[in-house]
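This note's numbering puts the first residue of the sequence shown at 11, with every later residue one more than the last.
All C-beta atoms in this analysis are idealised placements derived from N, C-alpha and C, irrespective of residue type, glycine included.
Encoded as structure tokens, the structure appears first; notes follow it.
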Amino acid sequence: MLTLVFAGKLVAAEKAKIIEIDGSSTVYPITEAVAEEFQKLYRDVKVVVGISGTGGGFKRFATGETDISDASRPIKSKEADLCKRNGIEYIELAIAYDGLAVMVNPENKWVDFLTTTELKKIWEPNSQNVVTKWSQVRAGFPDKEIRLFGPGTDSGTFDYFTEAICGKSGASRGDFTASEDDNVLVQGIAFDTAALGYFGLAYYEQNADKLKIVPIDDGDDSNGKGAIIPSQETVREGTYRPLSRPIFIYVSTKSLAKNEIMDFVEFYIKHAPELSKEVGYIPLPDEMYKNSLEKLQKAVKKP
11 MLTLVFAGKL VAAEKAKIIE IDGSSTVYPI TEAVAEEFQK LYRDVKVVVG
61 ISGTGGGFKR FATGETDISD ASRPIKSKEA DLCKRNGIEY IELAIAYDGL
111 AVMVNPENKW VDFLTTTELK KIWEPNSQNV VTKWSQVRAG FPDKEIRLFG
161 PGTDSGTFDY FTEAICGKSG ASRGDFTASE DDNVLVQGIA FDTAALGYFG
211 LAYYEQNADK LKIVPIDDGD DSNGKGAIIP SQETVREGTY RPLSRPIFIY
261 VSTKSLAKNE IMDFVEFYIK HAPELSKEVG YIPLPDEMYK NSLEKLQKAV
311 KKP
């Protein structure tokens, strides 16, 4: 009897299949939604989805700790080099579009829009301990201290925002409340009338009752005149610039040799259009998903 019970445990252990995913808090809602639906069909597979930020996720991915890395920006050359040194080959798959939302407190009555020049003035490194009040951003704004909130330096959202607004990835003042947890940023902005912050549009849409979104004017009328409100429509149409982008998953080709991971990634691509929309993101054109499926098949057949 004991032998039978022990043998049963061995079989159960063999059947336990785990898919390890980590990375971007921006991509997390889509991956988590896909994981939930996938596990309903594949009950012998457990999908573990962590949030270490895009950079933190790539650190784990590059050492072979994870099968898939969620990323809100393309992989950096130093991250790709680390993967290469460790023998980690991968494929990059775009899964949806996202916009970055700039937000203030709902009680903020003076900000109706901001220009990208004003955002740079607020966030660039030289503004630390220099631009500290709203009155320094634009004439007519009140003499109130600005309190800033944003993603941590391991976040792909931080990298993307700083490159788009300040001209260089990572170029930012350091005197702001930083967190990889978007909910911390929501609470900070929601409880401070002088606050300003940024994170992914999808997370704003989940918390729209607590925040006031800020239209952005990039000064280029060719892609939309005046200040543009970020929305699924303006991101898809390309009029909300420069704060819109594709988001990605990176998949280890070694991991794809496991049937459950191949099945999961294939399931992800096929269901990304409806699930990305369900959690507030913007689906890619159908042709891009088709190309991703072809890329996936080629990666598996690669000798």
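- Item | Proximity below 8 Å, CB of P256 to CB of Y107 | Stepping through the sequence shown from its first residue, residue 256 is reached at position 246. Stepping through the sequence shown from its first residue, residue 107 is reached at position 97. Against a cut-off of 8 Å, the Cβ pair of Y107 and P256 comes out as a contact.
- Message: Just to confirm the assignment, what range does the beta strand (DSSP E) spanning L103 have?
- Response: In the sequence shown, residue 103 corresponds to position 93, counting from 1. Its beta strand (DSSP E) spans residues 100-114.
- Where in the region 176-218 do unbroken runs of the alpha helix (DSSP H), each at least 4 residues long, occur, reported from the N-terminal end onward? 192-200, 211-216
- Query: Do three or more CB pairs link the region 283-296 to the region 124-131 at distances below 8 Å?
  - Reply: no
- Whose CA, out of Q197, E247, K86, M272, lies closest to the CA of I28? As a first step, residue 28 is located in the sequence shown; it is residue number 18 there, counting from the start. Checked all of Q197, E247, K86, M272; the closest Cα to I28 is M272.
- Message: Restricting to Cα atoms, I'd like to know which of C93, L92, G60, G97 is closest to D80.
- Response: Along the sequence shown, read from residue 1 onward, the residue named residue 80 stands at position 70. Checking every option, the nearest Cα to that of D80 belongs to G60.
- Message: Assuming I98 and F71 are in contact, meaning their beta carbons sit under 8 Å apart, how far apart are those beta carbons, in whole angstroms?
- Response: By one-based count along the sequence shown, residue 98 stands at place 88. By one-based count along the sequence shown, residue 71 stands at place 61. Confirmed, about 7 Å.
- Rounded to a whole number of angstroms, what is the C-alpha to C-alpha distance between L129 and K305? Here residue 129 corresponds to residue number 119 of the sequence shown, with the count starting at 1. Here residue 305 corresponds to residue number 295 of the sequence shown, with the count starting at 1. Each residue's alpha carbon lies about 38 Å from the other.
- Please name the residue, chosen from V57, E288, G177, that lies closest to F274 on a Cα-to-Cα basis. Locating residue 274 in the sequence shown gives position 264, where the first residue counts as 1. Of the candidates V57, E288, G177, the one whose C-alpha sits nearest the C-alpha of F274 is V57.
- For M298, the nearest candidate out of K280, V289, V121 (CA to CA): The residue you call residue 298 lines up with position 288 of the sequence shown. Out of K280, V289, V121, K280 has the C-alpha closest to the C-alpha of M298.
- Item | CB-CB length for L341 against A174, believed under 8 Å | Nothing about residue 341 can be read from this structure; the chain reaches only from 11 to 313.
- According to DSSP, what are the bridge partners of G160? Here residue 160 refers to the residue found at position 150 when the sequence shown is read from its first residue. DSSP, once it has assigned bridges, lists A188 as partnering G160.
- Exposed or buried, what is W133 when buried is set at 16 or more other beta-carbons lying within 10 Å of its beta-carbon? One-based indexing of the sequence shown puts residue 133 at position 123. Its Cβ being crowded by 16 or more others within 10 Å, W133 is buried.
- Message: So, at 8 Å on beta carbons, what are the nonlocal neighbours of D227 in its own chain, with the 5 sequence-adjacent residues on each side left out?
- Response: Residue 227 sits at position 217 when you count from the first residue of the sequence shown. Answer for D227: F123, L124, T125, T126, G236, A237, I238, listed in chain order.
- If you compare alpha carbons, which of V245, E243, E247, R251 is closest to D230? Position 220 of the sequence shown, counted from the first residue, corresponds to residue 230. The residue with the shortest Cα to Cα distance from D230 is R251.
- Message: If you reduce the DSSP assignment to three classes, tell me which class R246 lands in.
- Response: As a first step, residue 246 must be located in the sequence shown, where it is residue number 236. Three-state result, R246: helix.
- Task: Report the option in R83, T142, A212, E102 whose CA atom is closest to the CA atom of D77.
- Result: Start at 1 with the first residue of the sequence shown, and residue 77 comes out as number 67. Comparing Cα-Cα distances from D77 to each of R83, T142, A212, E102, the minimum goes to E102.
- Residue range of the unbroken alpha helix (DSSP H) whose run includes A26: One-based indexing of the sequence shown puts residue 26 at position 16. Per DSSP, A26 belongs to no alpha helix (DSSP H) and is neither H nor E.
- In terms of residue numbering, what span does the alpha helix (DSSP H) encompassing A282 cover? By 1-based counting over the sequence shown, the position of residue 282 is 272. Counting along the chain, the alpha helix (DSSP H) containing A282 begins and ends at 269-288.
- Message: Three or more C-beta pairs under 8 Å: does that hold for the region 183-196 against the region 87-95?
- Response: no
- Message: Less than 8 Å between the beta carbons of D234 and G162, yes or no?
- Response: Translated into the one-based positions of the sequence shown, residue 234 becomes position 224. Translated into the one-based positions of the sequence shown, residue 162 becomes position 152. Note that residue 234 corresponds to Gly in the displayed sequence, not to Asp. Taking 8 Å as the Cβ cut-off, G234 and G162 do not qualify as a contacting pair.
- Query: Ends of the alpha helix (DSSP H) at F258?
  - Reply: Translated into positions along the sequence shown, residue 258 becomes position 248. No alpha helix (DSSP H) holds F258; the beta strand (DSSP E) holding it covers 254-262.
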